[in-house]
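Chemist: Okay, so the sequence shown: first residue is 1 according to my numbering, each after it adds one.
Note that the Cβ used here is the ideal one computed from N, Cα and C, for glycine as well.
Nothing here was measured: the structure is a model prediction, and the numbers come from that model.
First the structure, which I've put down as C-alpha coordinates, then a few questions once you've had a look.
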Amino acid sequence: MAGETANNNEIVIPSLTRVWLAEVGTAAPADATVVMPAGWRAVGLTTEDSLKFNNEPNFEQVRSAQSSYPTRTFQTQDASTIEVDLQQWSGQNFRAVYGGGEIVEVTAQDTKKHYKFTPPRIGSRSEIAACIEVIDGGKNYRYMVPRTMQMEGVNTELAKTKEAVLPLRLAVQGGDDSDAWYVITNDPSFAPPAPPAGG
(Lines of atoms letter the chains of each structure in order from A; the text may use other names.)
(Lines give C-alpha, C1' and ligand atoms only; values in the text may rest on other atoms or scores of the structure.)
Protein backbone atom coordinates (compact mmCIF):
# COMPACT_ATOMS: atom_id res chain seq x y z
CA MET A 1 0.00 0.00 0.00
CA ALA A 2 1.38 3.39 -0.96
CA GLY A 3 2.70 5.41 1.94
CA GLU A 4 2.68 2.45 4.31
CA THR A 5 5.29 2.77 7.07
CA ALA A 6 5.03 -0.71 8.61
CA ASN A 7 8.35 -1.62 10.22
CA ASN A 8 8.66 -4.59 12.59
CA ASN A 9 11.97 -3.16 13.87
CA GLU A 10 9.89 -0.49 15.62
CA ILE A 11 8.06 -3.07 17.75
CA VAL A 12 9.43 -2.97 21.30
CA ILE A 13 9.49 -6.08 23.45
CA PRO A 14 10.83 -5.13 26.91
CA SER A 15 13.10 -8.15 27.39
CA LEU A 16 14.80 -6.53 30.39
CA THR A 17 13.58 -3.74 32.65
CA ARG A 18 14.99 -2.05 35.73
CA VAL A 19 13.72 0.63 38.08
CA TRP A 20 16.19 3.06 39.65
CA LEU A 21 15.55 5.57 42.44
CA ALA A 22 17.61 8.48 43.75
CA GLU A 23 17.33 11.61 45.83
CA VAL A 24 15.81 14.56 44.01
CA GLY A 25 18.60 16.54 42.34
CA THR A 26 20.86 13.53 41.69
CA ALA A 27 22.59 13.85 38.29
CA ALA A 28 20.70 12.06 35.53
CA PRO A 29 22.52 9.77 33.09
CA ALA A 30 23.81 11.58 30.00
CA ASP A 31 22.53 8.95 27.57
CA ALA A 32 20.62 5.66 27.31
CA THR A 33 23.50 3.24 27.95
CA VAL A 34 26.02 4.97 30.21
CA VAL A 35 26.48 3.49 33.69
CA MET A 36 24.00 5.09 36.07
CA PRO A 37 25.65 7.96 37.96
CA ALA A 38 26.48 7.78 41.65
CA GLY A 39 23.45 8.10 43.89
CA TRP A 40 21.10 5.93 41.81
CA ARG A 41 19.94 2.65 43.36
CA ALA A 42 18.20 -0.20 41.55
CA VAL A 43 15.17 -1.53 43.43
CA GLY A 44 16.15 -5.08 42.44
CA LEU A 45 13.81 -7.82 41.31
CA THR A 46 10.27 -6.92 40.22
CA THR A 47 7.39 -9.06 39.02
CA GLU A 48 7.28 -9.83 35.30
CA ASP A 49 4.19 -7.92 34.20
CA SER A 50 3.70 -5.17 36.79
CA LEU A 51 5.86 -2.32 35.40
CA LYS A 52 3.76 0.46 33.88
CA PHE A 53 4.27 4.13 33.03
CA ASN A 54 0.90 5.87 32.74
CA ASN A 55 0.29 9.31 31.23
CA GLU A 56 -3.23 10.66 31.72
CA PRO A 57 -3.81 14.28 30.67
CA ASN A 58 -7.12 15.88 31.64
CA PHE A 59 -9.23 17.95 29.27
CA GLU A 60 -12.28 20.21 29.47
CA GLN A 61 -14.70 20.80 26.64
CA VAL A 62 -16.62 23.93 25.69
CA ARG A 63 -20.08 23.19 24.35
CA SER A 64 -22.19 25.61 22.34
CA ALA A 65 -25.84 25.62 21.34
CA GLN A 66 -24.88 25.76 17.67
CA SER A 67 -23.06 22.40 17.61
CA SER A 68 -23.62 18.82 18.69
CA TYR A 69 -19.86 18.51 19.12
CA PRO A 70 -17.57 20.41 21.47
CA THR A 71 -16.60 23.71 19.90
CA ARG A 72 -13.33 23.84 21.77
CA THR A 73 -11.27 21.47 23.89
CA PHE A 74 -8.46 22.56 26.17
CA GLN A 75 -6.08 20.70 28.43
CA THR A 76 -6.31 21.51 32.12
CA GLN A 77 -3.53 19.36 33.56
CA ASP A 78 -1.12 16.48 33.04
CA ALA A 79 -0.83 13.45 35.27
CA SER A 80 1.69 10.60 35.04
CA THR A 81 2.35 7.64 37.31
CA ILE A 82 4.79 4.75 37.70
CA GLU A 83 3.59 1.36 38.90
CA VAL A 84 5.71 -1.69 39.71
CA ASP A 85 5.62 -4.53 42.23
CA LEU A 86 8.91 -5.04 44.07
CA GLN A 87 9.88 -8.59 44.98
CA GLN A 88 12.81 -7.65 47.20
CA TRP A 89 12.08 -6.56 50.77
CA SER A 90 14.65 -4.10 52.14
CA GLY A 91 14.64 -1.01 54.26
CA GLN A 92 15.26 1.20 51.22
CA ASN A 93 12.42 -0.42 49.28
CA PHE A 94 10.06 0.00 52.25
CA ARG A 95 10.95 3.70 52.39
CA ALA A 96 10.24 4.05 48.65
CA VAL A 97 6.92 2.21 48.83
CA TYR A 98 5.66 4.12 51.88
CA GLY A 99 6.94 7.54 50.79
CA GLY A 100 9.74 7.86 53.30
CA GLY A 101 9.88 6.91 56.93
CA GLU A 102 12.56 6.11 59.47
CA ILE A 103 14.61 2.99 60.17
CA VAL A 104 16.42 2.60 63.48
CA GLU A 105 18.20 -0.23 65.23
CA VAL A 106 16.37 -1.51 68.31
CA THR A 107 17.56 -3.42 71.36
CA ALA A 108 16.78 -7.12 71.04
CA GLN A 109 16.76 -10.09 73.40
CA ASP A 110 18.78 -12.29 71.04
CA THR A 111 22.22 -11.69 69.55
CA LYS A 112 21.01 -10.63 66.10
CA LYS A 113 20.45 -7.00 65.17
CA HIS A 114 16.83 -5.88 64.90
CA TYR A 115 15.43 -2.83 63.10
CA LYS A 116 12.26 -0.78 63.35
CA PHE A 117 10.64 0.84 60.32
CA THR A 118 8.20 3.67 60.97
CA PRO A 119 6.26 5.11 58.00
CA PRO A 120 6.23 8.89 57.48
CA ARG A 121 3.74 11.00 59.38
CA ILE A 122 1.17 13.10 57.57
CA GLY A 123 2.91 15.93 55.75
CA SER A 124 6.38 14.37 55.85
CA ARG A 125 6.41 12.22 52.71
CA SER A 126 9.53 12.76 50.66
CA GLU A 127 9.96 13.14 46.91
CA ILE A 128 12.39 10.95 44.97
CA ALA A 129 13.75 10.80 41.43
CA ALA A 130 13.03 7.72 39.31
CA CYS A 131 14.30 6.06 36.15
CA ILE A 132 12.62 3.23 34.25
CA GLU A 133 15.10 1.39 32.06
CA VAL A 134 13.82 -0.71 29.14
CA ILE A 135 16.10 -2.86 26.97
CA ASP A 136 15.09 -4.60 23.75
CA GLY A 137 18.17 -6.11 22.12
CA GLY A 138 20.39 -3.19 21.17
CA LYS A 139 17.69 -0.59 21.81
CA ASN A 140 17.74 1.13 25.19
CA TYR A 141 15.19 3.51 26.65
CA ARG A 142 15.32 5.42 29.93
CA TYR A 143 12.24 7.17 31.24
CA MET A 144 13.69 9.89 33.47
CA VAL A 145 11.47 11.41 36.16
CA PRO A 146 13.22 14.14 38.19
CA ARG A 147 10.53 14.29 40.91
CA THR A 148 7.96 11.73 42.05
CA MET A 149 6.04 11.08 45.24
CA GLN A 150 4.31 8.01 46.62
CA MET A 151 0.64 9.03 46.76
CA GLU A 152 -1.40 5.81 46.99
CA GLY A 153 -2.33 3.29 49.63
CA VAL A 154 -0.11 0.25 50.10
CA ASN A 155 -1.84 -3.12 49.81
CA THR A 156 0.55 -6.01 50.54
CA GLU A 157 -0.92 -9.49 50.19
CA LEU A 158 0.64 -11.93 52.64
CA ALA A 159 -0.50 -15.21 51.08
CA LYS A 160 1.25 -18.50 51.79
CA THR A 161 1.10 -19.59 48.16
CA LYS A 162 3.12 -16.80 46.48
CA GLU A 163 5.77 -14.20 47.18
CA ALA A 164 4.68 -11.06 49.00
CA VAL A 165 5.42 -7.99 46.90
CA LEU A 166 5.75 -4.30 47.73
CA PRO A 167 3.56 -2.17 45.43
CA LEU A 168 5.52 0.91 44.38
CA ARG A 169 3.12 3.58 43.09
CA LEU A 170 4.67 6.94 42.24
CA ALA A 171 3.00 10.11 40.96
CA VAL A 172 5.10 12.38 38.75
CA GLN A 173 5.57 15.87 40.18
CA GLY A 174 6.12 18.83 37.87
CA GLY A 175 7.22 22.43 37.78
CA ASP A 176 7.58 25.27 35.32
CA ASP A 177 11.38 25.21 35.52
CA SER A 178 12.04 21.66 34.24
CA ASP A 179 10.58 18.74 32.32
CA ALA A 180 8.25 16.59 34.44
CA TRP A 181 9.58 13.52 32.60
CA TYR A 182 11.44 12.63 29.42
CA VAL A 183 12.84 9.61 27.55
CA ILE A 184 16.47 9.11 26.51
CA THR A 185 17.03 6.45 23.85
CA ASN A 186 19.52 5.16 21.29
CA ASP A 187 16.68 3.87 19.08
CA PRO A 188 17.41 5.18 15.55
CA SER A 189 13.68 5.47 14.81
CA PHE A 190 13.60 8.46 17.19
CA ALA A 191 15.99 10.48 15.00
CA PRO A 192 14.38 13.77 13.94
CA PRO A 193 13.46 13.93 10.25
CA ALA A 194 16.04 15.43 7.94
CA PRO A 195 15.30 19.02 6.88
CA PRO A 196 13.84 19.32 3.39
CA ALA A 197 16.35 19.67 0.56
CA GLY A 198 17.21 23.25 -0.25
CA GLY A 199 15.63 24.45 2.97
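Less than 7 Å between C-beta atoms, sequence neighbours within five positions excluded: which residues of the same chain meet that for serine 178?
Modeler: As a working note, residue 178 is residue 178 in the sequence shown. Hits under 7 Å: Pro146.
Chemist: So, for lysine 113: in the same chain, excluding its five sequence neighbours on each side, which residues have a beta-carbon less than 7 Å away from its beta-carbon?
Modeler: Taking the first residue of the sequence shown as position 1, residue 113 is located at position 113. Answer for lysine 113: Glu105, listed in chain order.
Chemist: How far does the beta strand (DSSP E) with glutamine 75 in it reach, from first residue to last?
Modeler: Mapped onto the sequence shown, residue 75 falls at position 75. Here the beta strand (DSSP E) through glutamine 75 covers 72-77.
Chemist: Suppose the cutoff is 6 Å on Cβ atoms and the five residues either side in sequence are ignored; what does the same chain contact list for arginine 142 look like?
Modeler: The residue given as residue 142 occupies position 142 in the sequence shown. Cβ within range, chain order: Ala32, Cys131, Glu133 and Ile184.
Chemist: With 16 as the cutoff for other CB atoms within 10 Å, does glycine 198 come out buried or exposed?
Modeler: For the purposes of this step, residue 198 is taken as residue 198 along the sequence shown, with counting starting at 1. So glycine 198 ends up on the exposed side.
Chemist: In whole angstroms, what is the alpha-carbon distance linking threonine 71 and phenylalanine 59?
Modeler: Residue numbering aside, residue 71 sits at position 71 when the sequence shown is read from its first letter. Residue numbering aside, residue 59 sits at position 59 when the sequence shown is read from its first letter. Distance between the alpha carbons of threonine 71 and phenylalanine 59 is about 13 Å.
Chemist: Taking only three categories from DSSP, how would you classify proline 192?
Modeler: Residue mapping note: residue 192 aligns to position 192 of the sequence shown, counting from 1. Coil, per DSSP.
Chemist: Could you please give the first and the last residue of the uninterrupted beta strand (DSSP E) stretch that includes arginine 169?
Modeler: Position 169 of the sequence shown holds residue 169. 166-172 is the extent of the beta strand (DSSP E) around arginine 169.
Chemist: Tell me whether the segment 112-129 and the segment 13-32 touch, counting them as touching only if at least three CB pairs, one residue from each stretch, are closer than 8 Å.
Modeler: The segment 112-129 vs the segment 13-32: in contact.
Chemist: Would you check if the distance between the CB atom of aspartate 187 and the CB atom of serine 15 is smaller than 7 Å?
Modeler: In the sequence shown, counting from the first residue as 1, residue 187 sits at position 187. In the sequence shown, counting from the first residue as 1, residue 15 sits at position 15. No, these two residues do not count as a Cβ contact at 7 Å.
Chemist: Exposed or buried, leucine 45, counting other C-beta atoms within 10 Å across all chains shown (16 or more means buried)?
Modeler: If you number the sequence shown from 1, residue 45 lands on position 45. Result: exposed.
Chemist: DSSP puts tryptophan 40 in a beta bridge; with which residues?
Modeler: Indexing the sequence shown from 1 puts residue 40 at position 40. DSSP lists no partner for tryptophan 40.
Chemist: Given this structure, state the Cα-to-Cα distance separating leucine 168 from asparagine 9, to the nearest angstrom.
Modeler: Taking the first residue of the sequence shown as position 1, residue 168 is located at position 168. Taking the first residue of the sequence shown as position 1, residue 9 is located at position 9. Computed Cα separation, rounded: 31 Å.
Chemist: Once you ignore the five residues that flank valine 154 on each side, which residues in its own chain have a CB closer than 7 Å to its CB?
Modeler: Reading the sequence shown from its first residue, position 154 is the one you call residue 154. Cβ within range, chain order: Val97, Tyr98 and Pro167.
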